[in-house]
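In numbering that gives the first Met the number 0, the protein residues as written are 0 to 969.
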Amino acid sequence: MMLQKMASIDAQMRLLVPKRVSEDDKLIEYDALLLDRFLDILEELHGKELKDKVQDLYELSGLYSKTDGAGDVQKLQQLADVLNNLDPGDDIVVASSFSHMLNLGNLAEEVQIALRRRVSNAKKGDIGDENSALTESDMEETLHRLVKQLKKSPQELFEALKEQTVDLVFTAHPTQAVRRSLLQKHSRIRNCLSQMYQKDITADEKKEWDEALQREIQAAFRTDEIRRSQPTPQDEMRAGMSYFHETIWNGLPKFLRRVDTALKSIGVKERLPHNVKLIHFSSWMGGDRDGNPRVTPEVTRDVCLLARLMAANLYFAQIEDLMFELSMWRCSDELRERVSKIESLHRKEAKHYIEFWKHIPPNEPFRVLLGDMRDKLYSTRERMRQLLQMNGKSDIPVEETYTDASQILEPLELCHRSLCETGDKPIADGSLLDFMRQVSCFGLSLVRLDIRQESDRHTDAIDAITNYLGIGSYRNWSEEERQEWLLSELRGKRPLFGSDLPVTDEVKDVLDTLKVVAELPPDCFGAYVISMATAPSDVLAVELLQRESRIKQPLRVVPLFEKLADLEAAPAALSRLFSIDWYLNHINGKQEVMIGYSDSGKDAGRLSAAWQMFKAQEDLVKVAKQYDVRLTMFHGRGGTVGRGGGPTHLAILSQPPDTINGSLRVTIQGEVIEQSFGEEHLCFRTLQRFTAATLEHGMHPPIAPKPEWRQLMDVMAVASTNEYRSIVFQNPSFVEYFRAATPELEYGRMNIGSRPSKRKPSGGIESLRAIPWIFAWTQTRFHLPVWLGLGSALRDALRTDPRNIATLRRMYNQWPFFRVTIDLVEMVFAKGDPRIAALYDALLVSDELKPLGEELRRKYSETRDLLLKITFHDEILQGNPSLKQRLRLREPYITALNVQQALVLKKMRDQNSQFCSQQNGSKDQSDVPTTPRRAAELVKLNPTTEFAPGLEDTLILTMKGIAAGIQNTG
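Structure below.
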């Protein structure tokens, strides 16, 4: 049955809506309902005239979006004319309206995906997502497939899962454009929409949920979308850690129960042991100081204490719940003896909490033991609170607190043994087991904080020491000289410096950070990541600095290889490192290496970077096997395709054989955290995807590329890199064009992260961080970093040998790595529109630079055509109707915001130098027409802006809206 569109949108508007793609497709209905409610609210708050204007803009944009080829430029011009004549108050409301409508559209999509997943589960089919089983498998399906198709024994899979570890590392890169307060409102909107479509809902209940939905939509629309100040690293950490309280804390044990159920379905009778660390969580929030001067040693200390405080709060609440549940009187002799000691101690000490013990009946031994734990957790929590509030001081003795997770696990394990021995195993395997699993996963620190710093900073620190010792400048030594001296000191015991060491601010920051690591409990920290690592001395320097800082349990040192040359040299660097006897003995057969997707892509383009990372991983694993070292690959993936983003399941299964082997670390950052953990069902799916795909990769590795495929990829990578660099780094006009044609210079106004957009205040593309580099091109729908170079690679391959078309198609059909690479570029083309990029050029780019834009758009079209030829598709996303439908729904909103953004950028750049003089008489701002109803919208403008009222806020709203529509910020 065709779904009805709201009465407030006319027949022409309805023609713009795409059709359903399946029987269970309710996306059009969800989208229509949310849009209808929003337009009603818009009319009530701002009048019918403005609502009609928004609808007119939607129609014009939608009609333009339906055209192909050169497009209906007249519709685009009409759209620009309407938008260009809006007064400042209307400008803000229109931008905010389209931004909110895109957010509502995203919520409708999420509810639809959840619905399809439930339907698929009910039918025992694959999980419903835009790519169905191609993008993920649930645990039960994966296990059954491995047993039936690959003849793996159930016990073999059980043992593999016990040894498997996936470490998800939350990072605070500035990619979450939506404020936390809005994310919470979006969650409630999503819940209201889901509840309205439950099968057993009554008419009255549906009306009540509809009223709640309208309230939440209005509350979201009335909330300022714009961050008025830059977040601190502590703010970022609190935002990241909020997901643990809201979804991850309870989501983890539910997921592990599902793994138990899946194992049972293939005949495994045992549960996963509670101390199996199938999932880990780590963080860079407050530890990533590479290029972020706001991450100080004090910040690192604060975020660690804050995480421990949050963990103590969660444990305290869980223990209280468990005390009410474990009210049984039977217990083992072992537990009875422990309880007697506790009661005796409390009677002897007669502490302030003795009143509590009077209320626990003597025949409830579990409550006595748990009550003792509760009091110690209370002291642990209060000590953390005092340390945060009193500058590292507390009047609670550390002996009265928990300092290690094993101290919590031991009495819980005692309770579990006792219940099993007395015939209450079903009770033991309930909430108690869940809690034991939580303690095993999260520890007392909730997450382990990684420290990241650039290698040059460590060189500076060692250089200060060698100069202080009077033995010369470390910076001027050769690599051999550096290694010789570092190893001689690592083998010795003498201290190298005292408090009189002369240091710069940068060196002091390095040393003070290590001092914080030494002072805090070891379980606060995970790895020490060295960015821009190139040589063994980079690793040895950190090892020596840790020893000099008296760190009892040194952090594992992880070199990060990012740029193309560094990736090429990484295997040789690792081999030289492992050839050092001291280091090989030091690491105890384990090494972690991080590969960076962002800077490698910015350095050489997507295709070349992806291929070089593939080859580097293969070679790194070979080196590790040669030295009998177990290697863990740490993947620094971003949210966008240009920074390594894409479906998790496919990303893991497309990695080279033998490069995961049950051990995987990967970054989850910015907007991806919300997409992965914002709701309980999203959390469940995320944990399932990583676990199932990691298991499948280990049990059924993807095929290795054939020699002729490798040869062709090598040739294509060279051609791709040459074209990419010839334009991005060697064309003298490119930087000027990039900054004129995109909102790169205005990126910082969004206040979406604590870190500067550049590693250095001055410099060109090479100094720009990958996030704003990707963000700027995403905003204009051109996505240049993703596709540039690919067209040249494909063209040269086909020109060299026409038979290569057949080879490329075999690679696409048979080789997961190549298919994922091509499919992700195809998805980006589906989101792109060179006509929009041409509009930015027409408004913002000087005449002498416009030919460069025309050349790039020609390359865009050529690359798109060649990609379709390789995939044997007639049109983009031919094999993915669901995603195509979703993009089609968003496109009219995004197009309107694109046009509005281009116009606002032109006004801001034109008026920047004139605004001050306008205040003196040529045209006072009071002359700008503003209707009374919309005048209030100008109140929230930044009074310190150098631009005319309304412009900066409108620009930021368009940025946020486009990011919501493209579903990427960087």
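Glycine residues also receive a C-beta, built at the ideal position from the N, C-alpha and C atoms.
Practice task
Tell me the start and end of each unbroken alpha helix (DSSP H) in the region 395–449 that is at least 4 residues and wholly inside, in chain order.
Solution key: 404–420 and 432–441
Handout entry: Assigned secondary structure, residue 86 (DSSP; H/G/I helix, E/B strand, else coil)
Key = Numbered from 1 along the sequence shown, position 87 holds the residue referred to as residue 86. In the structure shown, residue 86 sits in coil (DSSP, three-state: anything other than H, G, I, E or B).
Practice task
Would you tell me roughly how many angstroms separate the C-alpha atoms of residue 339 and residue 387, rounded to the nearest one?
Solution key: Here residue 339 is taken as the residue at index 340 of the sequence shown, counted from 1. Here residue 387 is taken as the residue at index 388 of the sequence shown, counted from 1. Cα to Cα, residue 339 sits roughly 36 Å from residue 387.
Exercise for the section: State yes or no: is the C-beta of residue 443 within less than 8 Å of the C-beta of residue 316? Expected result: For this step, residue 443 is matched to residue 444 along the sequence shown. For this step, residue 316 is matched to residue 317 along the sequence shown. No.
Exercise for the section: Note down the Cα distance separating residue 840 from residue 849, rounded to an integer number of angstroms. Expected result: Walking along the sequence shown from the start, residue 840 turns up at place 841. Walking along the sequence shown from the start, residue 849 turns up at place 850. Their Cα atoms are separated by approximately 7 Å.
Exercise for the section: Can you grab the Cα-Cα spacing for the pair residue 804 / residue 810, in whole Å? Expected result: Here residue 804 refers to the residue found at position 805 of the sequence shown. Here residue 810 refers to the residue found at position 811 of the sequence shown. Distance between the alpha carbons of residue 804 and residue 810 is about 10 Å.
Exercise for the section: Below 7 Å CB to CB, which residues in the same chain sit around residue 362 once its five sequence neighbours on both sides are set aside? Expected result: Translated into positions along the sequence shown, residue 362 becomes position 363. Once the five neighbours on either side are set aside, the close Cβ partners of residue 362 are 328.
Exercise for the section: In the DSSP assignment, find the beta strand (DSSP E) that holds residue 579 and state where it starts and stops. Expected result: Within the sequence shown, residue 579 is the residue found at index 580, counting from 1. Segment: none, residue 579 is in no beta strand (DSSP E) and carries neither H nor E.
Problem - As assigned by DSSP and simplified to three states, the class of residue 292 - result: Looking up residue 292 in the sequence shown gives position 293. Looking at residue 292 - three-state DSSP - the assignment turns out to be coil, as it is neither helix nor strand.
Handout entry: Identified DSSP bridge partners for residue 592
Key = In the sequence shown, residue 592 corresponds to position 593, counting from 1. Residue 592 is bridged to 632.
Exercise for the section: Give the secondary structure of residue 452 by DSSP, where H, G and I count as helix, E and B as strand, and everything else as coil. Expected result: Residue 452 sits at position 453 when you count from the first residue of the sequence shown. Here residue 452 sits in strand by DSSP.
Practice task
Over the uninterrupted beta strand (DSSP E) stretch that includes residue 279, give me the two end residues.
Solution key: For the purposes of this step, residue 279 is taken as residue 280 along the sequence shown, with counting starting at 1. Start and end: 278–282.
Exercise for the section: Buried or exposed for residue 158, please, with buried defined as at least 16 other CB atoms from any protein chain shown within 10 angstroms of its CB. Expected result: Position 159 of the sequence shown, counting from 1, holds the residue named residue 158. By the 10 Å Cβ count, residue 158 comes out exposed.
Practice task
Output the distance between the C-alpha atoms of residue 603 and residue 782, rounded to the nearest integer angstrom.
Solution key: Stepping through the sequence shown from its first residue, residue 603 is reached at position 604. Stepping through the sequence shown from its first residue, residue 782 is reached at position 783. The alpha-carbon atoms of residue 603 and residue 782 are separated by roughly 15 Å.
Exercise for the section: Tell me residue 664's beta-bridge partners as DSSP assigns them. Expected result: Here residue 664 refers to the residue found at position 665 of the sequence shown. DSSP lists 166 and 633 as partners of residue 664.
Exercise for the section: Let me know the beta strand (DSSP E) ranges lying completely inside the region 471–532, each 3 residues or longer, listed in chain order. Expected result: 524–530
Problem - Beta-carbon contacts of residue 736 that lie in its chain and below 6 Å, excluding the five residues immediately before and after - result: Translated into the one-based positions of the sequence shown, residue 736 becomes position 737. For residue 736, where only same-chain residues beyond five positions count, the Cβ hits under 6 Å are 848 and 851.
Problem - DSSP three-state assignment for residue 655, whether helix, strand or coil - result: Position 656 of the sequence shown, counted from the start, is the residue given in the question as residue 655. Three-state DSSP puts residue 655 in coil, outside helix and strand.
Handout entry: Spatially closest choice to residue 779 from 335, 364, 900 and 252, by CA coordinates
Key = Counted from its first residue, the sequence shown places residue 779 at position 780. Ranking the options by Cα distance to residue 779, first place goes to 900.
Problem - the region 684–698 contacting the region 189–198, beta-carbon criterion three pairs below 8 Å - result: no
Problem - Rounded distance between the beta-carbons of residue 506 and residue 463, thought under 8 Å - result: The residue given as residue 463 occupies position 464 in the sequence shown. The residue given as residue 506 occupies position 507 in the sequence shown. That pair is a contact at about 5 Å.
Handout entry: Straight-line Cα distance separating residue 392 from residue 787
Key = Reading the sequence shown from its first residue, position 788 is the one you call residue 787. Reading the sequence shown from its first residue, position 393 is the one you call residue 392. Answer to the nearest angstrom: the Cα atoms are 55 Å apart.
Problem - Local conformation of residue 1018 per DSSP, three classes - result: Past the edges of the chain, shown from 0 to 969, lies residue 1018, and the structure says nothing about it.
Handout entry: Sequence-distant residues of its chain with Cβ nearer than 7 Å to residue 203 (five each side left out)
Key = For the purposes of this step, residue 203 is taken as the residue at position 204 of the sequence shown. Excluding positions up to five away in sequence, the list is empty.
Practice task
Look at the alpha carbon of residue 631 and the alpha carbon of residue 563, and state the distance between them as a whole number of angstroms.
Solution key: Residue mapping note: residue 631 aligns to position 632 of the sequence shown, counting from 1. Residue mapping note: residue 563 aligns to position 564 of the sequence shown, counting from 1. Cα to Cα, the separation comes out at about 20 Å.
Exercise for the section: Could you name each continuous alpha helix (DSSP H) segment of 4 residues or more that falls completely within the region 697–746, going from the start of the chain to the end? Expected result: 706–727 and 733–740
Handout entry: For residue 559, the residue or residues it bridges with in DSSP
Key = As a first step, residue 559 must be located in the sequence shown, where it is residue number 560. BP columns for residue 559 point to 593.
Problem - Straight-line Cα distance separating residue 833 from residue 673 - result: By 1-based counting over the sequence shown, the position of residue 673 is 674. By 1-based counting over the sequence shown, the position of residue 833 is 834. Approximately 30 Å, taken between the alpha carbons.
Exercise for the section: Count the CB pairs spanning the region 514–532 and the region 484–503 that are closer than 8 Å, and state whether there are at least three. Expected result: no
Handout entry: Three-pair Cβ contact test at 8 Å for the region 229–248 versus the region 100–108
Key = no
Exercise for the section: Inspect the CB distances between the region 482–502 and the region 267–287 and report whether three or more fall short of 8 Å. Expected result: no
Handout entry: Beta-carbon gap between residue 244 and residue 313 smaller than 8 Å
Key = Within the sequence shown, residue 244 is the residue found at index 245, counting from 1. Within the sequence shown, residue 313 is the residue found at index 314, counting from 1. Yes, Cβ-Cβ distance for residue 244 and residue 313 is below 8 Å.
Practice task
Tell me whether residue 873 sits in a helix, a strand or coil according to DSSP, three-state version.
Solution key: Here the question's residue 873 lines up with position 874 in the sequence shown. Coil at residue 873, not helix or strand.
Practice task
Would you list the residues sitting across from residue 287 in a DSSP beta bridge?
Solution key: Taking the first residue of the sequence shown as 1, we reach residue 287 at position 288. DSSP output for residue 287 lists 451 as bridge partner(s).
Problem - Rounded C-alpha distance that separates residue 553 from residue 289 - result: Translated into the one-based positions of the sequence shown, residue 553 becomes position 554. Translated into the one-based positions of the sequence shown, residue 289 becomes position 290. Each residue's alpha carbon lies about 20 Å from the other.
Exercise for the section: Note down the Cα distance separating residue 746 from residue 225, rounded to an integer number of angstroms. Expected result: As a working note, residue 746 is residue 747 in the sequence shown. As a working note, residue 225 is residue 226 in the sequence shown. Looking at the two C-alpha atoms, the distance is approximately 13 Å.
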